[in-house]
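Trainee: Numbering (our numbering), first residue to last: 39 to 966.
Below are the structure tokens for one structure; questions will follow.
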Amino acid sequence: MEYNFKEIESNWQAYWAKNKTFAAKDGGDKPKYYVLDMFPYPSGAGLHVGHPLGYIASDIVSRYKRHKGFNVLHPMGYDSFGLPAEQYAIQTGQHPKITTENNIAVYRRQLDKIGFSFDWDREVRTSDPEYYKWTQWIFIQIFNSWYNKTTDKAENISSLISEFEINGNKKVNASCEESVRLFTVSEWKSFSEKEQSDILMNYRLAYLGEAYVNWCPQLGTVLANDEIKDGVSERGGYPVERKLMKQWSMRITAYAQRLLTGLDTLDWTDSLKEAQRNWIGKSEGTSLRFKIAGSDKRIEVFTTRPDTVFGVSFVTLAPEHELVEKLTTPENKTAVEAYVSQAKNRSERERQADINKITGVFTGSYVEHPFTGKQIPIWIGDYVLAGYGTGAVMAVPAHDSRDYSFAKYFGLSILEVVKGGDLEKESYDAKEGVLINSDFLNGLQVKDAVKLAIQEIEIRQLGKGKVNFRLRDAVFGRQRYWGEPIPIYYKNDIPYALIENELPLILPEVDKYLPTEDGEPPLARAASSWKHEGKYDYEHSTMPGWAGSSWYFLRYMDANNASGIADKKLMDYWQQVDLYIGGSEHATGHLLYVRFWTKFLKDLGYINIEEPAKKLINQGMIQGRSNFVYRVNGTNKFVSNGLKKGYDVTALHTDVNIVDNDILDVNAFKKWREDFSTAEFILEDGKYVCGVEIEKMSKSKYNVVSPDDIAEKFGSDTLRLYEMFLGPLEQSKPWNTNGITGVHGFLKKLWRLFYSAGASAPLSDQLIISNDEPTKGELKTLHKTIKKITEDIERFSFNTSISNFMICVNELTDAKCNKRAVLEPLLICLSPYAPHITEELWKQLGHNESISTVSFPDFNEAYLVDDNINYPVSVNGKLKFTLELPSTLTIQEVETEVMNNEQTQKLLDGKQPKKVIVVHKKIVNMVV
RNA sequence: GCCCCGGUGGUGGAAUUGGUAGACACGCAGGACUUAAAAUCCUGUGUCUUCGCGGACGUACGGGUUCAAGUCCCGUCUGGGGUACCA
């Protein structure tokens, strides 16, 4: 019987679906194991071969863990809100819901064809009202919470209100807006409802606040930092500018320290943890106030180098700093105003492009040095950012390169206070050296000087030791249609959250998916009929893409729950994700937000885990391998790659699906596009050889390879094996079908073990399987393979395990082994990788149960040892000769045997070795 | 600039704790079977040298530690990813 993969694969896919073979059970005696993939956004282009890479890896682990006796949760769903469907809707008028559903259907069909063991009963879609009801519910919990720094967790806003009613806010230790002012109990009680609401807004973890946002006029929406690439929007490539807007935001900064310390408990790669650490950007230093000369006002700065305080030669404010106007003297007014308005109009992109251009302006005012009382000029410079620290810096040009260039450019003084650099050439930024010209800090090392300076600043009440984070609050509102409506309505200009039984707040229908003519979000188009209790306007912005994906891992635990995010008992049972696989592009976006929401939900007691995923692996990207043809300019002639030098040619992308091993199928090429139907070719060795380049996989480059085509030609088992065989999971690599015959040949060889009497014998119609006892050699091959595969899967080294399967099958083929006792355990080992063929052969062997229900075989060390092992013996590392010794010896016995050996004695020539080292039971070294 | 990860045959890659570098696969060459092709099977395949046995060299480059280095340390070159006037 031939290996008919098409029939086998469709039969088993139908069987698994019908029998719900991979449905996870909520509970039981088995230990649980939760394997999660980052769910896809269902785009219109369908899956290409790069998408399933991570899914195949997670599927292998899931199937393996089931064999190992775990109760495995391995779900899949769709991150189905997003901009592309909305853009498509704008262009065509088709409702994004329809587009999304169509795309999901295509994805599902493609995923099913690969034979994944997902539990589809738990499918989630973020755009489903039954799902986003709970996204909205979580938003309301966050809105109704504040962060208590004393208990170091989020609490319901009611505890804050009662504190206000007892003590006012002077004792409150909260993560809140810096600008919040002190009030007493009686003041609180005298405030109007609107005033109270505004005050609480400063404390809420989801709050409405003024924020500089990345505004994209073309899209009519606000973008997150990671939705912008090179200063333009990731989708569409439109310019982006900074704009101050009232926006819903999330106070993720309250969690900065916990997000940082939590990383230590995670089994994530160092590079990923490092990326998160950099993003959170903790820096320790001190605040320091400079008194403005001739005024009672002070400018507060943040510095990590208080040791260099005697080197301050000017203070720089961000152009947006609130004191700019007051500090500007009349004679400088024109220059300052011109500079400020110009700096404000510069977009982020322009600022980045002019990174080396130094700009700034003098205000005309001075501050007093806190220790020396010396007059220090106040400047404005756009290298100081309003959004970081206090928006003002003490400039120490001698020891900070940015201050240095600024000082050099404007001719300001440079005062050396740490020895070690050459200030004629550049600033000395290193945090080591001895302090000079610094009064009480003189002679100290930088490290000690920092400590002493902070101490002194605190004693003199000039400032306070402080920790600053780079992390900023996350803007949560989007001026878009295709997202979760924010469950807020406005009554007398006060925002109120909906209550649970008013959810879900369904996304209303609109006539167009664009912002309104006066710049309101698309939802404003529905406003006339879409009102709370028929009269109050709802919030018109929607949630960002990351909202739905920040808690989906919980929903899979109880995907159809109508009364909560998921049943508490089930969340307590499934706990954390044990293995999370996805792309590294989510390192600082999704993975921070999902950690943030997890911590928040824990604080409120809804879940009892602090981190969403224990182990995380980033799969590498599969790049496209583009093929080129070279058209001789002005003709319809195409010259082969090797001969193109003599011609004036234009390189054109050609469809990789009509190219085999870089040889063009010229007839298919002529049919591919009408204008090529009359093409002529200049061949080399009778072939047309194409050029090659590695690029991102994309429709426009004609280098997209669909998994469907591969499955059609070779079968899904081959696709699965080949994607894993390409190289280490975490490494990026170009797709190249050249080697696929290797893994396909492996499956055919495996099939022959069951249906043929030998390597070159013809295939039989019947299984040729014997019940004979295996030989020692066959058992050794089997157990060696089990051992290696087990170790390979445990360390996620799927490419090497496939090599080990190949070695095993080659050895069994050589041994003409067709014994049940060898082949059955081998099938079980292979089934996570190639589920269809192994299910089929398992059934042919007479089993009624799915192979996925069988225990993974254990290996037996006893079968692995050789009778004799060659021990090369070397003296001082030089290999001299080998001895044959039985492998049953202990290391001590090997030593004795080697020492007593005649040849060893001859080599040592009467000397006694100082050291005898037996390594790997294979090499014996002697140090003389 | 800073941070992180890499650099091994013609190609993808293996070498798990420092212990016989190049497993496995592709490609290529030769052979078997076949009228022929496909499929399948067998042999060879790091470089140089040698008729051959063998020998020398060899993991980006230059040093170092070690009986022993692809692996550890220092420096240089180089590729990829992240991030950026973060005070």
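Glycine is no exception: its CB is placed at the ideal position from the N, C-alpha and C atoms.
Measuring straight from C-alpha to C-alpha, what distance separates Asp969 and Lys106?
Mentor: Because the chain here runs from 39 to 966, residue 969 falls outside it and cannot be looked at.
Trainee: Are the Cβ atoms of Asp150 and Ala62 separated by less than 9 Å?
Mentor: no
Trainee: Report the rounded CA-to-CA distance for Thr173 versus Gly521, giving the unit in angstroms.
Mentor: 11 Å
Trainee: What are the boundary residues of the alpha helix (DSSP H) that includes Ile46?
Mentor: Phe43 to Asn57
Trainee: Would you call the stretch 443-457 and the stretch 527-540 touching, i.e. three or more CB-CB distances under 8 Å?
Mentor: no
Trainee: Could you name the residues that DSSP lists as bridge partners for Glu322?
Mentor: Per DSSP, the beta-bridge partners of Glu322 are Val505.
Trainee: The alpha helix (DSSP H) spanning Met239 covers which residue range?
Mentor: Glu231 to Met239 is the span of the alpha helix (DSSP H), which, as asked, contains Met239.
Trainee: How many angstroms separate the CA atom of Cys846 from the CA atom of Asn856?
Mentor: 13 Å
Trainee: Can you look up Leu817 in the DSSP assignment and give me helix, strand or coil?
Mentor: In the three-state reduction of the DSSP assignment, Leu817 falls in the helix class, which pools H, G and I.
Trainee: What residue range is occupied by the uninterrupted alpha helix (DSSP H) comprising Met609?
Mentor: Lys606 to Trp612
Trainee: Answer with buried or exposed for Glu577, where buried requires no fewer than 16 other C-beta atoms within 10 angstroms of its C-beta.
Mentor: buried
Trainee: With a threshold of 6 Å on Cβ separation, who are the neighbours of Ser588 within its own chain once the five nearest residues in sequence on each side are excluded?
Mentor: Residues of the same chain with a CB within less than 6 Å of the CB of Ser588, apart from the 5 flanking positions on each side, are Tyr631, Val632 and Trp635 in chain order.
Trainee: Looking at the structure shown, is Pro167 part of a helix, part of a strand, or coil, going by DSSP?
Mentor: In the three-state reduction of the DSSP assignment, Pro167 falls in the helix class.
Trainee: What is the rounded straight-line gap between the Cα of Arg508 and the Cα of Leu608?
Mentor: 37 Å
Trainee: Thinking C-beta only, is Ile152 closer than 9 Å to Ile98?
Mentor: no
Trainee: Measuring CA to CA, which of Ala356, Ser476 and Glu931 is closest to Ile418?
Mentor: Ala356
Trainee: Quick one: which unbroken beta strand (DSSP E) runs of 3-plus residues sit fully inside the stretch 170-213? Chain order, please.
Mentor: 183-186 and 191-194
Trainee: Is it buried or exposed, Val977, if we count other Cβ atoms within 10 angstroms and call 16 or more buried?
Mentor: The displayed coordinates of the chain run from 39 to 966. Any statement about residue 977 would go beyond what the structure contains.
Trainee: Since Phe666 and Ala717 should fall inside the 8 Å C-beta cutoff, what is the C-beta to C-beta distance between them, to a whole number of angstroms?
Mentor: Phe666 to Ala717, Cβ: 14 Å. No contact.
Trainee: So, do the stretch 805-821 and the stretch 115-134 have three or more beta carbon pairs nearer to each other than 8 Å?
Mentor: no
Trainee: So for Val484, helix, strand or coil by DSSP?
Mentor: Three-state result, Val484: helix.
Trainee: Please state whether DSSP places Met595 in a helix, a strand or coil.
Mentor: Met595 falls in the helix class under three-state DSSP.
Trainee: Return the chain-ordered list of same chain residues with a C-beta closer than 6 Å to the C-beta of Gly120, the five sequence neighbours on each side being excluded.
Mentor: Setting aside the 5 residues that flank it on each side, Gly120 is surrounded in the same chain by Tyr79 and Gly583, each with a C-beta closer than 6 Å to its C-beta; the list follows chain order.
Trainee: Would you call the CB atoms of Pro34 and Arg101 closer than 9 Å?
Mentor: Beyond the ends of the chain as shown, which are 39 and 966, falls residue 34; an answer cannot be given.
Trainee: What does DSSP give as the partner residues of Glu878 in its beta bridges?
Mentor: According to DSSP, Glu878 bridges with nothing at all.
Trainee: Please tell me whether Leu868 and Leu791 are closer than 9 Å, where the distance is taken between their beta carbons.
Mentor: no
Trainee: Below 8 Å, can you find three or more Cβ-Cβ pairs linking the stretch 285-305 to the stretch 371-382?
Mentor: No: the two stretches stay apart, fewer than three of their Cβ pairs being nearer than 8 Å.
Trainee: Can you tell me which of Phe43, Gly92 and Thr891 puts its alpha carbon nearest to the alpha carbon of Pro766?
Mentor: Gly92
Trainee: Let's see if you can read the secondary structure: which residues bound the alpha helix (DSSP H) around Met762?
Mentor: Ser754 to Phe763
Trainee: Would you list the residues sitting across from His691 in a DSSP beta bridge?
Mentor: Phe666
Trainee: Straight-line CA distance for Glu139 to Ser81?
Mentor: 10 Å
Trainee: Is the stretch 611-625 touching the stretch 64-74, taking contact as three or more C-beta pairs under 8 Å?
Mentor: yes
Trainee: Under a Cβ-count criterion, where at least 16 other Cβ atoms within 10 Å of its own Cβ denotes burial, should Gln517 be classed as buried or exposed?
Mentor: By the 10 Å Cβ count, Gln517 comes out buried.
Trainee: Quick check: does the Cβ of Tyr685 come within less than 8 Å of any heavy atom belonging to the ligand NAP?
Mentor: The ligand NAP is absent from the structure shown, which contains no ligands of any kind.
Trainee: What is the C-beta distance between Leu326 and Lys311, in whole angstroms, given that I count them as a contact (C-beta under 8 Å)?
Mentor: Not quite, the Cβ-Cβ distance comes to about 32 Å (not below 8 Å), so this is no contact.
Trainee: So if DSSP puts Ser287 in a beta bridge, which residue, or which two residues, is it bridged to?
Mentor: Per DSSP, the beta-bridge partners of Ser287 are Tyr245 and Val513.
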